[in-house]
């Protein structure tokens with residue numbers, strides 16, 4: 003059954019506004035989001051975010067700027083985990099790209115349970131595929147073979163809240179971290195912030211590393227871009243027909259729903275032990 007009804011609110015959580023380098027002291031920025039506009043200004047002592055007459059909590063972590071949104075107007079209930087590689091000179095900075103998607107942001111989360119799409123969409127059929135839900139975190143672990151990204155691949159993708167996902171990826175040729183975070187503009191459009199950072203080759207010059215890092219970032223941008231046209235055209239189906247080998251889509255959506263209700267109304271039974279699919 004198709005369900006074209008849209009959520010009545012925006013999910014509670016931390017949202018990436020951009021890389022910290024995008025926010026210059028005393029240079030205001032206006033960011034469309036949450037059905038209105040967010041006014042951002044960096045001062046010497048930090049970043050301020052003004053939204054519909056209130057100041058939203060701001061967090062600067064992992065070289066990114068986050069804003070907290072809560073329909074109830076309550077303070078943040080969790081922190082953004084530190085990514086040690088962001089502060090390690092052996093790693094590159096984030097290479098960032100934005101994608102405007104003409105759909106509701108709920109369509110993005112389904113990828114965490116969609117084992118079947120890795121082969122036909124990304125050319126990397128999943129060999130092993132695990133999902134786990136615990137509190138505000140949802141984890142996907144997979145192994146596969148990706149010619150585009152360097153052969154044998156292992157990845158662990160973790161959502162912290164509804165809108166911020168970081169992937170640790172290892173292949174035969176590189177170690178990388180991927181960022182996927184979305185910011186709802188309104189209920190029918192959202193902006194994806196995609197990032198990639200790569201461990202540098204210690205045996206290469208700075209110039210060689212820049213070329214190597216950019217090449218791997220470009221390969222990941224291409225792989226990620228293969229999902230974009232799908233999200234533009236995806237239609238929400240409340241009770242989809244599931245096939246043998248599919249991941250736990252209904253369990254994932256139930257986990258995701260906790261961010262759309264008041265805190266006191268969060269249902270129990272959302273956790274799921276690590277399982278292979």
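In my numbering, the protein residues as written are 3 to 279.
By construction, the Cβ of each residue, glycine as well, lies at the ideal position given by its N, Cα and C atoms.
Cβ-Cβ distances below 6 Å link residue 78 to 59 and 70 in the same chain, with the five nearest sequence neighbours on each side left out; the list follows chain order.
Counting along the chain, residue 175 sits inside no beta strand (DSSP E), nor does DSSP assign it H or E at all. Three or more Cβ pairs closer than 8 Å define a contact, and the stretch 198-208 meets that threshold against the stretch 89-108. By the C-beta criterion, the stretch 229-246 is judged not to be in contact with the stretch 128-135, since fewer than 3 inter-stretch pairs fall below 8 Å.
Look at residue 272 here: in three-state DSSP terms it is coil, with no helix or strand label. Excluding five sequence positions before and after residue 225, the CB atoms of its chain that fall closer than 7 Å to its own CB belong to 124, 150 and 151, given in chain order. According to the DSSP secondary-structure assignment, residue 169 is paired through a beta bridge with 159 and 180. Per DSSP, reduced to three states, the secondary structure at residue 68 is strand. Residue burial is scored here from C-beta neighbours: residue 146 has at least 16 other C-beta atoms within 10 angstroms and is therefore classed as buried.
Membership of residue 18 in the beta strand (DSSP E) is indicated by the continuous run 15-21. In the DSSP assignment, residue 235 falls outside any beta strand (DSSP E) and within the unbroken alpha helix (DSSP H) covering 208-235.
About 7 Å separates the beta carbons of residue 194 and residue 182, which is inside the 8 Å limit, making them a contact pair.
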